[in-house]
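The next block holds one structure in the form of structure tokens; read it before the comments.
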Amino acid sequence: MQFRHLEVFYAIYRTGSVTEAAQLLNVTQPAVSTVLKHAETRLKFKLFERVAGRLKPTPEALAILPDVRILFERLDSIERLTRDLAGGTLGAVSLAAAFPIAYGLVSRAVAGFVATRPDMQVLLHSLTPSQVLDRVVSQEVELGMLYGPVHNQALDVEPLGHVEIVCVVPRDHPLAGLGCVEMAQLAEHRLITYLPQSALWPWVDRALSEAGVAPKIQVHVSMSSAGIQLARLGVGVALVESTLVRAMPFGDLVAVPLHPVIDIETVMVSNPSVPKSEAMLAFMAQLRLTAQRGE
């Protein structure tokens, strides 16, 4: 049987009428009658008998009906799947983000994204900025979020916004009540900030140097979370990127702005050789919206 034969057979079975089957298939009644006759000729047995004015399947038709029903149920499932994929409500998106950005902006964007897409799968890797770039270049992930500038002409780079380096201290610390902390004031305190090989260290180092501050760096850390925890324990004043402080409930800590401001761009990067799914395009739109709102 050809697919058109199966389609007409199943429509007549469901409706019990050639006329109603034609309406269901959006074709003419003669067209349905012709296809049915052609199918019965090829099969060499009748598919329907007229009983009390309705078409009822013959025993032979009932024998093939379970397989035909499964076929059309599978087709309906495929149609729903393709519709969901086209609408960006089903599938998977793979992401990589620098640690603080993953905890802050990206996590909020993911929450907004899956709120209306319960069947969507998100794969989020929290990595160092250099690892994020490597994953995007090697096509291991579809989208990366990290700090700019990114000097790689093989990638598409789009600005998302800016973050600041802030001064994190306990609420009872002398700096906690200030509207902002001048760089010169940091010379009096033990500091916690990034390792020299960290992507964020150059901004901190430059700002301290330009202010003429010889910093007393007690602890160098690779991640903002470690610096924040050390500040909580009274080890010193943490100079860390602001995203994580604002994203997590650190009720016993205060993030005080620095002056001059240490401003760092955040960007999203993608590999232009990797086609973007509708789901990924939808996530990128959500990420832009979240960044724009400052959520």
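Okay, so the sequence shown: first residue is 1 according to UniProt numbering, each after it adds one.
Quick reminder that beta carbons are idealized off the backbone N, C-alpha and C, glycines included.
Here the structure is a predicted model, which is why all the values come from computation and not from measurement.
- Exclusion of the five residues before and after residue 214 leaves 187 as the residues of its chain whose Cβ lies within less than 7 Å of its Cβ.
- In the same chain as residue 65, and ignoring 5 residues on each side of it, the C-beta atoms closer than 8 Å to its own belong to 13 and 57, in chain order.
- Per DSSP, the beta-bridge partners of residue 144 are 96 and 269.
- Residue 127 has its alpha-carbon roughly 18 Å from the corresponding atom of residue 220.
- The way I'd put it, the stretch 146 to 158 does touch the stretch 265 to 281; three or more beta-carbon pairs between them come closer than 8 Å.
- Of the candidates 232, 274 and 102, the residue whose Cα lies closest to the Cα of residue 172 is 232.
- No residue range can be given for residue 222, since it is assigned to no alpha helix (DSSP H) and is classified by DSSP as neither H nor E.
- By the neighbour-count definition (other C-beta atoms within 10 Å, threshold 16), residue 282 is a buried residue.
- Non-local C-beta neighbours of residue 252 in its own chain, meaning closer than 8 Å and more than five positions away in sequence, comprise 170, 171 and 232, ordered along the chain.
- In the three-state reduction of the DSSP assignment, residue 121 falls in the strand class, which pools E and B.
- Residue 245 and residue 197 have their C-alpha atoms some 22 Å from each other.
- When 271, 285 and 224 are compared, the shortest CA-CA separation from residue 255 is found for 224.
- Around residue 54, the same chain offers 16 and 17 as residues with beta carbons nearer than 7 Å, after the five sequence neighbours per side are excluded.
- Membership of residue 162 in the beta strand (DSSP E) is indicated by the continuous run 156 to 170.
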